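Structure record follows, encoded as structure tokens.
Protein chains in written order, with my numbering: chain A, 2 to 402; chain B, 7 to 360.
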């Protein structure tokens, strides 16, 4: 009963948001395939998801697919007039396999893609999708090169540079530190991308970077990196890295009695779920993330409960991104239908739908609400505009700050 | 007398391989032009051809020269990144010319790398050699992971530090961006070009194997001491096979890279080397036809298994084990052989009657 009520509430709020937007917007797009003028969205949308469902990065791909399927279930429950068919294909976090998966989806007559999950495969697939005119909204591929020069590719997550500069801005604004050390993975595009923009912004803001050390995927001993930061007297260590190496760095620092502030980005999300990791070490760690499962708003609560019921775990940020992707595409179609007197998506080609979705996503009056941010807007480059949330780990849970 | 007979068997085999490639090309080109092919298979044609070239190239080292190399993906990545840099630097040329120049330069650079790496590696034998090739494969990958290349009005810039270290003009374009790999370049590879390359590689390898040099290489493989006592220099011939093989891997890498608009250094880790080794082992060590077929089948198989969903990779592994067991089963092999012998006898008898 509670679930039904919530989904009704969500549907209601979406319709409200949509009509509110529709009211203020001026007609601008084409109305080629608009149905009879009732403003209704009808038909069946074939939505594809591409991500690593097996292999080393499977945790991200599966989270996105699970999150997306929860959103699809909710949307399908709203009305039988509009349904989404979901098809998730595995890419093993490999660009070649990802392009294969994309072609597989094309054989299935996919109309829009929520993906791909990881950055490098996304770069390969988005180039293909750009020439084939297939709309893509990636939940979590965060490099700027994903969207650069491709009008049909949009990001739901922050682009890497935004994370780096936002972190530097945040540290400077809150006067968290004066001497900063950075430890990053120089074999990883995500980590080096954030490092480069963080460094540029930090220099601009007058933060002094006293130590810069690197590691690679195979590194398990961080004594050199942590020791260098300690030796140079850094009072904050910036970790633009994933949570597994971060947990080792925290252990290393604690073992030599070095207790600076630690500041991470969204890759740090998940550190509390590592098996065998003493979460007390993460006490006081700050991180910039778009989603926190402990938020008290209705949207997040509903999503977390449902996710927990279905998959028996607390959703990660990737699951939240996937969930928001499905809703963003859904609201965009609603938006278009309301503006152009209805839309029947059944049998539309990916190209037709691509033009429609691009026109909506770049429309200044279109915004989508989700669990990773309210009022998300997209610019012409395909990058999302939403507020970053900083959280600090206290007593083993994330607390907003 | 026997040598003439053997040569004719070898040339028969060689023609079978040429015919196989031609049939492969004609069938798929017809399917593509008449649009009777799924997007999935169409998108895989060029990678399949590249893997076939890789399998032939590795078979030259593993099968013909008898040295286990576990770092072949390294040469592929050298070719891949070289071709991307070359084709990005060439402006004002038509696509096909860029592609050809890209492949040639990639082949040459990979051959040089193969030669240089061959000097220390081929002084070793057996397991030691395998481990050192593995190490060199990883070294190549790590170097490329830290390589930054940019192109501006003044020419090509290289750096091992950061994109800023390139010291480019403001209008410069970064071609290879460290761990991000190379992205945003123009796709130039075509199926026809890939098959032409496969054909050239086949001609080179088959003629090499059936030449005096090829027999020397195989003599060293079969009995190094005997070969040496005949006045054959093992180092020279092994180097030759290794360098030719590296060059062909570079060419395959070039076409592979130019089939996508991004290339990731991490792609060419030792998993890829092992994958190619699997093609060679499954197709039969020293058997070129087998390698070509195995490469084709094993690249397509994971895509065909997509309907198994979550069990896809499990099924793939089971199929691999099954095929390995069957192809190595002497009893089964014997039965297949006798079946073919009987068939041949029947055909030849039938022919005589007529």
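C-beta: ideal position from N, C-alpha, C; glycine also. Here the structure is a predicted model, which is why all the values come from computation and not from measurement.
Closer than 9 Å at the beta carbon, the chain B residues around residue i
{"i": "residue 316 of chain A", "result": "Correct list: empty, because the minimum Cβ distance to chain B is about 20 Å."}
{"i": "residue 128 of chain A", "result": "189, 190, 193, 266, 267 and 268"}
Chain A contact residues for residue i, given Cβ-Cβ distances below 9 Å
{"i": "residue 184 of chain B", "result": "187, 188, 190 and 193"}
{"i": "residue 348 of chain B", "result": "Within chain A, no residue comes near residue 348 of chain B; the closest Cβ sits about 41 Å away, beyond 9 Å."}
{"i": "residue 273 of chain B", "result": "95, 96, 97 and 121"}
Under the three-state DSSP convention, the category residue i falls into
{"i": "residue 31 of chain A", "result": "Any reading at residue 31 of chain A needs caution, since the residue's pLDDT is 39, under 50, leaving its predicted position unreliable; the model's value is listed next. Coil at residue 31 of chain A, not helix or strand."}
{"i": "residue 1 of chain A", "result": "This structure gives no information on residue 1 of chain A, because the portion of chain A shown stretches from 2 to 402."}
{"i": "residue 15 of chain B", "result": "helix"}
{"i": "residue 256 of chain A", "result": "helix"}
{"i": "residue 24 of chain A", "result": "In this prediction, residue 24 of chain A has a pLDDT of 34, which is less than 50 and means its spatial position is unreliable; nothing more can be read from the coordinates."}
{"i": "residue 266 of chain B", "result": "coil"}
{"i": "residue 153 of chain A", "result": "coil"}
{"i": "residue 51 of chain A", "result": "strand"}
{"i": "residue 129 of chain B", "result": "coil"}
{"i": "residue 236 of chain B", "result": "coil"}
{"i": "residue 313 of chain B", "result": "helix"}
{"i": "residue 179 of chain B", "result": "strand"}
{"i": "residue 398 of chain A", "result": "strand"}
{"i": "residue 349 of chain A", "result": "coil"}
{"i": "residue 368 of chain B", "result": "There is simply no residue 368 of chain B to check, as chain B begins at 7 and stops at 360 in what is shown."}
{"i": "residue 136 of chain A", "result": "strand"}
{"i": "residue 114 of chain A", "result": "strand"}
{"i": "residue 374 of chain A", "result": "strand"}
{"i": "residue 341 of chain B", "result": "helix"}
{"i": "residue 331 of chain A", "result": "helix"}
{"i": "residue 166 of chain B", "result": "coil"}
{"i": "residue 385 of chain A", "result": "strand"}
{"i": "residue 37 of chain A", "result": "Caution applies to residue 37 of chain A, whose pLDDT of 48 falls short of 50 and renders its modelled position unreliable; the model cannot decide the point."}
{"i": "residue 142 of chain A", "result": "coil"}
{"i": "residue 1 of chain A", "result": "Residue 1 of chain A cannot be examined here, being either before or after the span of chain A that is shown, 2 to 402."}
{"i": "residue 24 of chain B", "result": "helix"}
Residues that DSSP places opposite residue i in a beta bridge
{"i": "residue 295 of chain A", "result": "Residue 295 of chain A pairs with nothing; no bridge assigned."}
{"i": "residue 212 of chain A", "result": "A:182"}
{"i": "residue 45 of chain A", "result": "A:84"}
{"i": "residue 274 of chain A", "result": "DSSP, once it has assigned bridges, lists no residue as partnering residue 274 of chain A."}
{"i": "residue 325 of chain A", "result": "Answer is none; residue 325 of chain A lacks a bridge partner."}
{"i": "residue 264 of chain A", "result": "A:239 and A:287"}
{"i": "residue 390 of chain A", "result": "A:290"}
{"i": "residue 116 of chain B", "result": "According to DSSP, residue 116 of chain B bridges with nothing at all."}
{"i": "residue 91 of chain A", "result": "A:52"}
{"i": "residue 344 of chain A", "result": "A:42"}
{"i": "residue 379 of chain A", "result": "A:385"}
Closest by C-alpha distance to residue i, when choosing among the options
{"i": "residue 105 of chain B", "options": "B:98, B:142 and B:93", "result": "B:93"}
{"i": "residue 212 of chain A", "options": "A:204, A:233, A:147 and A:218", "result": "A:233"}
{"i": "residue 131 of chain B", "options": "B:313, B:175 and B:227", "result": "B:227"}
{"i": "residue 103 of chain A", "options": "B:49, B:134, B:98 and B:302", "result": "B:49"}
{"i": "residue 53 of chain A", "options": "A:70, A:65, A:183 and A:94", "result": "A:94"}
{"i": "residue 142 of chain B", "options": "B:276, B:299, B:302 and B:331", "result": "B:276"}
{"i": "residue 211 of chain B", "options": "B:38, B:42, B:44 and B:71", "result": "B:71"}
{"i": "residue 384 of chain A", "options": "A:145, A:115 and A:274", "result": "A:145"}
{"i": "residue 150 of chain B", "options": "B:91, B:18, B:232 and B:283", "result": "B:91"}
{"i": "residue 210 of chain A", "options": "A:222, A:304 and A:169", "result": "A:169"}
{"i": "residue 86 of chain B", "options": "B:259, B:171 and B:124", "result": "B:259"}
{"i": "residue 72 of chain A", "options": "A:326, A:376, A:112 and A:120", "result": "A:326"}
{"i": "residue 230 of chain A", "options": "A:251, A:220 and A:332", "result": "A:251"}
{"i": "residue 375 of chain A", "options": "A:111, A:389 and A:84", "result": "A:389"}
{"i": "residue 76 of chain B", "options": "B:62, B:101 and B:136", "result": "B:136"}
{"i": "residue 45 of chain A", "options": "A:330, A:82, A:276 and A:64", "result": "A:82"}
{"i": "residue 292 of chain A", "options": "A:286, A:197, A:283 and A:304", "result": "A:304"}
{"i": "residue 397 of chain A", "options": "A:290, A:280, A:56 and A:256", "result": "A:280"}
{"i": "residue 175 of chain B", "options": "B:169, B:347, B:158 and B:181", "result": "B:158"}
{"i": "residue 109 of chain A", "options": "A:86, A:117, A:98 and A:116", "result": "A:86"}
{"i": "residue 257 of chain B", "options": "B:30, B:35 and B:88", "result": "B:88"}
Per-residue contacts from residue i into chain B (C-beta, under 7 Å)
{"i": "residue 163 of chain A", "result": "The contacting residues do not exist; residue 163 of chain A stays about 17 Å from chain B at best."}
{"i": "residue 91 of chain A", "result": "318"}
{"i": "residue 389 of chain A", "result": "None at all; the shortest Cβ gap to chain B is about 23 Å."}
Chain-ordered chain A contacts of residue i [CB-CB under 7 Å]
{"i": "residue 49 of chain B", "result": "100, 101 and 104"}
Neighbour list for residue i in chain B, Cβ cutoff strictly below 8 Å
{"i": "residue 144 of chain A", "result": "186"}
Would you be able to state if there are at least three C-beta pairs under 8 Å between the stretch 261-281 of chain A and the stretch 230-242 of chain A?
yes
Meets three-Cβ-pair contact criterion under 8 Å: the stretch 125-142 of chain A and the stretch 344-362 of chain A:
yes
So, do the stretch 115-127 of chain A and the stretch 145-162 of chain A have three or more beta carbon pairs nearer to each other than 8 Å?
yes
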